[in-house]
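Remarks on the structure that follows.
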Amino acid sequence: MKTYMKIHPLDNVAVALSPLAKGTVIHPESQAKAAIILNEDIPQGHKFALKTFVSGEPVIKYGNSIGTSTQDIPEGAWVHTHNMKTGLGDLLTYSYDKKPCTLQPAEPVTFQGYRRPDGKVGVRNEIWIIPTVGCVNNVAAAIEKASQKFVSGSVDGIVAFSHPYGCSQMGEDQDHTRRILADLVNHPNAGGVLVLGLGCENSNIEILKTFIGNSDPSRVRFLEAQQCEDEISEGIAIVKELAVYASAFHREPVSCCELIIGMKCGGSDGLSGITANPTVGAFSDILISMGGSTILTEVPEMFGAETSLMNRCENEQLFEQTVEMINGFKNYFKNHNQTIYENPSPGNKAGGISSLEDKSLGCTQKSGSAPVRGVLAYGEPLQTRGLNLLSAPGNDLVASTALAASGAHMVLFTTGRGTPFACPVPTVKISTNNQLADRKSNWIDFNCGTVADGTSPEELACHLFDFVIDTASGRKTKSEEAGFHDLAIFKQGVTL
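Residues 749 to 1244, numbered by our numbering, are exactly what the sequence shown covers, in order.
Right, here's the structure in full:
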């Protein structure tokens, strides 16, 4: 079994696939030197030097610079935050160097989904209770609890989504809330929706309707609490009627070209860019070759790897949109007097990630090799099939909610540290290492740690594709079995 990996021929560091003890003899592939002796312990997922570095020399991983050494580093030494730093600056000027795509079309397979009257397809047939404002969160929760008796037949679940917004917000924040809530109202995973308002909030029902657009009154119902004698009992009665409506939908064969899959990572470690993320990238290529769609987000975790995405844009207009998305997020940081490259997190560092370039080059592995065919603003629904980039932050809950709002039927969430959260759509937790999959089997749906044991990402991606088709056809994720559903909206500005 391999105990370390040199990811790219140009790399001058290698990654420990399991803990390596001081004194271990390493025989690097494609290197003239016969052997390297580790001069200190190297934790799993962490890097060690394949050469002697002088201070200021680039550290190369994934064939790209992930930063520079801050001191002389001897061959066989641990390379991490104590002796290297990011090499990134602020705003950059980019040029378009389009890369050819070799992805070949493939015959799509089918899954068992719910076809809606408007032509959209869902992978769940749930009743969603969506508050317009945080003031009625507890009312929504009470309606949800009392309505569980209506879950039967083809009705997969009844879920209330709480959030603290909808009032006392200004400008873009207010629009963000309205846009995300409207996107969820229109999401095809919901067979029926109860929009629950208070009555005096800024984002009241009448205003939200302008964001929702035309809706089927049999599917989308509205209830204003201040106009009710007993909003809970009236809400329960509406949910009962919605359950009757939704129960008329049944699973039927649907082409996987209809699938939209969000891709996100969180609690990454040094194996994320070696095991789980490349597997998801190979999965993305499979789905896109069959006419389906994937969405990649976490813009701050593209910094340092953005040119690889820009040069895969299908045309120059998409390239310019990607540049605007990247620099727009950098300006967002600067406008709030924050350091652009204050990343990775403590958990990332503990797992072996040393700089934002290190994290980003691993993170963007999830995009596979397909051309970028769409660039989406926050809250914008997907319009073009294929690989899309979505403007949203790296925060797990906010980014995953944004993926759902843009139309993702489910989210593939790779993690080296583990997390129990879930977003509004099925959230498939994919572990980067075997230890996490074994320790947190109540969280992890799919294990990619076997890539470190010798399984290729391409081979494992075929199994992941089958898992996604099963999940789209009704197989519950671990977080669904636990009853977890989270909603988080991007807040940027003033609260009154």
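Beta carbons are placed, not taken as given, at the ideal position from N, Cα and C, and that holds for glycine. What you are looking at is a predicted structure, and each value in this text was computed from that prediction instead of being measured.
What residue range does the beta strand (DSSP E) around residue i cover?
i, result
"residue 883", "Looking at the DSSP string, residue 883 is not in any beta strand (DSSP E), and its letter there is neither H nor E."
"residue 863", "858-863"
"residue 847", "It is not in any beta strand (DSSP E) - residue 847 carries neither H nor E in the DSSP assignment."
"residue 816", "812-817"
"residue 1042", "1041-1044"
"residue 806", "806-809"
"residue 1003", "1000-1003"
"residue 1066", "Counting along the chain, residue 1066 falls outside any beta strand (DSSP E), though it belongs to the alpha helix (DSSP H) covering 1064-1083."
"residue 972", "968-972"
"residue 1230", "Neither: residue 1230 is in no beta strand (DSSP E) and is coded neither H nor E."
Leaving out five residues on either side along the sequence, give the residues of the same chain with a beta carbon under 7 Å from the beta carbon of residue i.
i, result
"residue 786", "768, 770, 771, 772, 774, 796, 824"
"residue 899", "905, 906"
"residue 831", "817, 818, 819, 821"
"residue 876", "907, 909, 932, 938, 941"
Tell me which residues share the same chain as residue i and place their Cβ nearer than 8 Å to its Cβ, disregarding the 5 neighbours each side in the sequence.
i, result
"residue 1136", "1041, 1042, 1043, 1044, 1120, 1121, 1122, 1123, 1124, 1130, 1154"
"residue 922", "950, 951"
"residue 809", "755, 756, 759, 761, 763, 795, 1106, 1109"
"residue 961", "930, 934"
"residue 1176", "1158, 1159, 1160, 1161, 1193, 1194, 1215, 1216, 1219, 1225"
"residue 850", "1117"
Locate the alpha helix (DSSP H) running through residue i, then write down its first and last residues.
i, result
"residue 1025", "1024-1037"
"residue 987", "979-994"
Which residues in the same chain have their Cβ closer than 6 Å to the Cβ of residue i, if we skip the five residues on either side of it in sequence?
i, result
"residue 1243", "916"
"residue 1182", "1197"
"residue 844", "1064, 1067"
"residue 984", "891, 894, 895"
For residue i, which residues does DSSP report across the bridge?
i, result
"residue 1113", "Residue 1113 pairs with nothing; no bridge assigned."
"residue 1012", "1161"
"residue 874", "905, 938"
"residue 1087", "None, per the DSSP bridge assignment."
In angstroms with no decimal places, state the Cα-to-Cα distance between residue i and residue j.
i, j, result
"residue 952", "residue 867", "28 Å"
"residue 958", "residue 931", "12 Å"
"residue 1305", "residue 885", "Given that the chain is displayed from residue 749 to residue 1244, the structure contains no residue 1305 and the question cannot be resolved."
"residue 1101", "residue 1047", "18 Å"
"residue 1221", "residue 1202", "30 Å"
"residue 699", "residue 968", "Nothing about residue 699 can be reported from this structure: the residues present for the chain run from 749 to 1244 only."
"residue 955", "residue 1145", "26 Å"
"residue 828", "residue 1161", "25 Å"
"residue 1213", "residue 918", "42 Å"
"residue 1025", "residue 841", "28 Å"
"residue 1072", "residue 911", "29 Å"
"residue 854", "residue 1037", "5 Å"
"residue 1027", "residue 1205", "4 Å"
"residue 1087", "residue 1113", "25 Å"
"residue 1278", "residue 1021", "Missing from the structure shown is residue 1278; the chain here goes from 749 to 1244 and no further."
Unbroken alpha helix (DSSP H) runs of length 4 or more, entirely within the segment 1120-1179: which are they?
-> Within the segment 1120-1179, the complete alpha helix (DSSP H) runs of at least 4 residues are 1144-1153.
Beta strand (DSSP E) runs contained entirely in the segment 887-962, provided each spans 3 or more residues = If one requires a minimum length of 3 residues, the beta strand (DSSP E) runs lying completely within the segment 887-962 are 905-908, 938-945, in chain order.
Alpha helix (DSSP H) runs contained entirely in the segment 1182-1234, provided each spans 4 or more residues | Runs found: 1182-1187, 1205-1220, 1226-1229.
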